[in-house]
Each structure stands twice: as C-alpha cells, then as structure tokens.
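Input: a single structure, listed below in structure tokens.
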Amino acid sequence: MTQPEYKVLIGMEIHVQLATASKMFTGAANGFSEEPNTQVDGVVLGLPGVLPVINRRAVEMAIMVGSALGCEIAPETKWDRKSYYYPDLPKNYQISQYDKPLCGAGTVELPLPDGSMKTIRIRRAHLEEDAGKLLHEAGQSASLVDLNRAGTPLLEIVTEPDFSTPEEARLFGEELRQVCRYLGVSQGIMQQGHMRFEPNINLHIFEDGRTYKTAITEVKNLNSFRSVERACHYEIQRQLAEFLSDRSSALQAGKSTRGWDDDKGCTTLQRSKEEAHDYRYFPDPDLVPLRVGADWVKRLQAQIPELPIARFKRYEQMELSRKEAMALLDDKAVSDLFDSAVAIKPLPKRIANLMLGPAAKAANALAAERGVPVLISDLPVRADQYAKLATMMEDGTVSASAAVTIFEALCGGVENDPMAAAEKLGLLQIRDTGATQGWIDAALANNPQAIADYKNNPKKKQASLGFLRGAVMKLSQGKADPKLVGELLEKALEKLA
Ligand code: MN
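Going by our numbering, the first residue of the sequence shown is number 182, and it counts up by one from there.
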C-alpha cells in the first residue's frame, strides 16, 4: 500500500524547575537531592492552619524567561487550585495558574540545520508548584513517598503546534535549555530532571482530496532531548499505522496521554485525556492576585544578557559554521571567553579553531581524569593568550601544529606568553628565503621521480607537488613557513620545466 501524504504537528509543554533558594509558596529549602522528607515544612506537607506566600524570586525568574521568549507579561495574574488525588500531593491540589498566566503569547526564533530560521509561537508560560516523588523499590511491598521536590517552583511553557519534525522539537528543547542557563534560572541538568518535556503530536493526512486529522497524543515526562525526538518519531509512525489499519476508530479517538518506555523505544497508553473541568480549577482563596508593575518588569528585562540566538547570528556573521557557533555558545562562560578574545584580536575563525580544537580536547581530558564536567573556560588559558596565539598563526610566526603544542604549554602552566613558549620550544617558523631555498633544493635533488611526474603526468601533478612540499617541511623539521615553501617550490619547478 502506498503511504498517503501527511503533515506532522508537534507542540510542546515544558516544565522548568526554577533554581530558587526556597520553594514556590514557602520558605522551605528548594533542594531535593537531600535525605528524603527533609526539605519540607507545614505548607509543603499541607498541614492545617498554614498559608502559602508567593516566592518573589520565582516570579522574577519567570518574568525573565517569559521576556526572553518574547511573551507579553501580564500586568495582573492570579493563582488557581488544580484538584486531584495522588499520594505525592499532600494538599490534594496543585497551585497553578489557569486562566491568567503570568506570561502570555510570544515568539522565539529557532535556527534549523539547513541554515533557515523558523519562528515558534509560545502560547503561554505560567508558574506552579511541583509534586513529590514516589519511590517504588524492587522487592518492597509498599511504595515510599519523598516530598522534598513538593512545592518546587515550576515554570510551565506551552508552545503552539509549530514543530513539523521531531528534530525541530528537540532543537527547541535545546535552545530553551540554553536560554534558561544564560538567564541563570536553571542549571539545565537533564539527568536531575531540571527540565521535563511533554510533546503533543498529531497528523494531518491527505487522502482522496480530503484532510484527516488524527487524535492528539501527549507523551508525558520526557527528560532527555534524545527521548523527545525518539518519542515523536514513534508516535508519528504509530498514528499513521493506526490510521491506515482502522480509519474510523483512529479518527474518532479523543486526546490521550501516553508514557515513553526508553528501553523498548515505544509509547504506551496511560489514560484518555481528562478535560480541564475534571480538575475543578478555582482561584486559590489563600493567595491574593499578583500585580506586576511595568517598572519591575523593565528592571528585570534590563538584567537579561545577550541571548544565545543573538550570539548565534553574530557568530554566523563572523563566518563561523553553524556547528562552531553552536558549540561556542552552548555555555555562556565559553561564549564570553570567545567574545573577549575576539575583542582583543578580530580573528574569530582562528580563535574558534583553538577553542574547539586543542582547548576542547584538553577540557575533555581533564573531565575524564577528574570525573566532573570541565569547560573550555575552566582551563587556565586567558582571552589575551588566545588572541596572541591566533595572531601568531595568522602572520605565519608559528604553524597550526606548533600552535597546538604551544597551547598545551600554556594549558599546563609551563608558559604564560605564547611567543616565549614558541621560542623556548623552538617552534618559530623559519621564513628565511635562503634557508627555505636550501631545503627545497635538497628535496628536489632527492626526488627526481616526483619532479618527472609533476612535469609529465598531469594526473599526478598535484599529488607530486604535495609530496615535494611535505619533503621540504620534513627537512625543515616542520619549521618552514608552508606559504613561503609553496611559493618558492612552484618557482623552482617552473625553472626545471
Ligand atoms: Mn504543569
């Protein structure tokens, strides 16, 4: 059977844990990698007689993220109770924002691998509190409850269904993580659940001049970019297969929620989606509506640093490749170091090559040795050293391979000054015409066959030239200036011709 044409629609809900010192509605510490049930107080436990208080810092972080996503910040927002029963939720309701979210509609630019830029619409972003955690330990007859995570501030960001491939959904997740890290509202450690993704997926299938829309499925609680992409791929194929095998039931199905099994690489039905009214949303009588003054918003927006997307565009203008630009801006400290070095000497390509080549290698080696992440910016090499070393490569003072050796010396703390290191290590390129001509003459005398090939065999001309250039470099012990060698060698060969 031929497959019909179809279009993929993916939207995302993302929960970001905000790295505040205390919880969303109480002063209990916001740190849950502690002993179970130690980061709790009466509010977290839902004890009688306690009252919630809004965490100002959480609101500020939400305003900053919302502003970075181009969202309108509501002048007034309110808090609502979302009621449901679950053992990890002592109050039997979650405080969230229902009809008046703090952040309204916005847009974000998403750079795609083909070099184009896609606009993703944000529907809203609101604040709420997290629930606790149930621990189902193997061999135990009961489950355990840890409430350390309960009450942690969450920013829930909802996009419009603007992603048309699983890859776009993943790229957006990665960009959002960068934005949150730049703003300092989250470390974005995926393994610790700092961000959780819930893509919703459906298809528009075109057949016999009609458009069929499959039911939306939402995949819950994905905590890695890879699983976002895999789960979306799986759902597309599953929905398509369901439609082809049984059109009527596939089209009549309502929204549903599915879980992702990472080992099996498939989703399984959890429940048909409940409607908003099932949660009996109503304004929380314990919390006052929050007025958000324009001055407050302005002050917070003034603290927003240059964001990854702006840096990306700037780096592309410097003629860095997409891959290089992405690698440099992934961490703000690395990006800042690159910017400082380029400000000293505008040689972006060479500085990027140093940072993503020998520096990245050194950082990875250190990370492996220490068992902790090490950034390029954690190395002891400073912006002015990058700038100077790049300058020495640019003007031919040292070769690219010598620059790597010099970088290692700087990194090891053996030397502070790239030029002094080059001198001490005997890595300065020799651009003396006489000396270079001497090596060329010797190389030509030793390789008559290569000369013959260069002169008589057009197919071997380029290879022979490369071979002879290599022979000259070898005779100079790598110190000859490759550019000068190239010029003099071709002249010498012309003379022989
Ligand atoms: Mn939520």
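Don't be surprised by glycine CBs; every beta carbon is placed ideally from N, CA and C.
- Inclusion of ALA533 and LEU560 in the CB contact set at 9 Å is not warranted, their separation being larger than that value.
- CA-to-CA, the gap between GLU348 and ILE557 works out to about 27 Å.
- ARG650 and LEU509 have their C-alpha atoms roughly 34 Å apart.
- When DSSP reads this structure, GLU309 sits in a beta bridge with LEU335.
- For ALA524, the closest of THR572, PRO334, VAL326 by C-alpha to C-alpha distance is THR572.
- Within the chosen limit of 8 Å, the ligand MN reaches the beta carbon of LEU335 through at least one heavy atom.
- Cβ-Cβ distances below 6 Å link LEU471 to THR258 in the same chain, with the five nearest sequence neighbours on each side left out; the list follows chain order.
- Of the residues LEU283, LEU468, ARG411, ASP465, the one whose Cα lies closest to the Cα of ASP442 is ARG411.
- Residues of the same chain with a CB within less than 7 Å of the CB of LYS314, apart from the 5 flanking positions on each side, are ASP269, ASP327, ARG330 in chain order.
- Contact between the stretch 273 to 286 and the stretch 487 to 499 is absent: fewer than three C-beta pairs spanning the two stretches fall below 8 Å.
- Within the model, the alpha-carbon separation for ILE485 versus MET245 is close to 7 Å.
- Nearest C-alpha to ALA624 among SER516, GLY667, VAL234, LYS605: GLY667.
- Residue side-chain check: SER264 keeps its Cβ at 8 Å or more from all non-hydrogen atoms of the ligand MN.
- For HIS196, the shortest C-beta to heavy atom distance toward the ligand MN is below 8 Å.
- Look at CYS284 here: in three-state DSSP terms it is strand.
- Taking the Cα of SER453 as reference, the smallest distance to any Cα among PRO466, GLY435, ILE370 is reached at GLY435.
- Contact between ALA243 and LEU488 is absent: CB atoms are separated by about 16 Å, not below the 8 Å threshold.
- For PRO529, the closest alpha carbon among the candidates GLU589, ALA568, ALA543, ILE301 is that of ALA568.
- In this structure ARG377 is not in contact with GLN368, their Cβ atoms being roughly 15 Å apart against a cut-off of 8 Å.
- Judged by DSSP secondary structure, ILE191 falls within the beta strand (DSSP E) whose first and last residues are 186 to 198.
- Segment contact: the stretch 198 to 215 against the stretch 315 to 322, fewer than three CB-CB distances shorter than 8 Å; contact not assigned.
- Straight-line measurement puts the Cα of ARG407 at about 20 Å from the Cα of ILE301.
- Ranking ALA306, ARG305, GLU290 by CA distance to the CA of LYS299 puts GLU290 first.
- Taken in chain order, the complete alpha helix (DSSP H) segments of 4 residues or longer contained in the stretch 521 to 545 are 529 to 535.
- Distances from the CB of SER297 to the heavy atoms of the ligand MN are all 8 Å or more.
- Setting aside the 5 residues that flank it on each side, GLY446 is surrounded in the same chain by ARG411, TYR415, each with a C-beta closer than 8 Å to its C-beta; the list follows chain order.
- Selection ASP427, GLU341, ASP598, ASP465 evaluated against VAL189 yields GLU341 as nearest (Cα-Cα).
- In terms of CA proximity to SER580, LEU608 leads the group LEU232, LEU608, GLU388.
- Shown here, TRP477 sits in a helix according to DSSP, grouped into three states.
- A distance below 6 Å between beta-carbons, with the five flanking residues on each side excluded, links ASP311 to the following residues of its chain, in chain order: ARG330, THR333, LEU335.
- The beta carbon of PRO466 sits closer than 7 Å to none of the beta carbons in its chain outside the five residues before and after it.
- Within the stretch 389 to 421, the complete beta strand (DSSP E) segments at least 3 residues long are 391 to 394, 398 to 400, listed from N- to C-terminus.
- MET507 sits in a helix when the DSSP states are folded into three classes.
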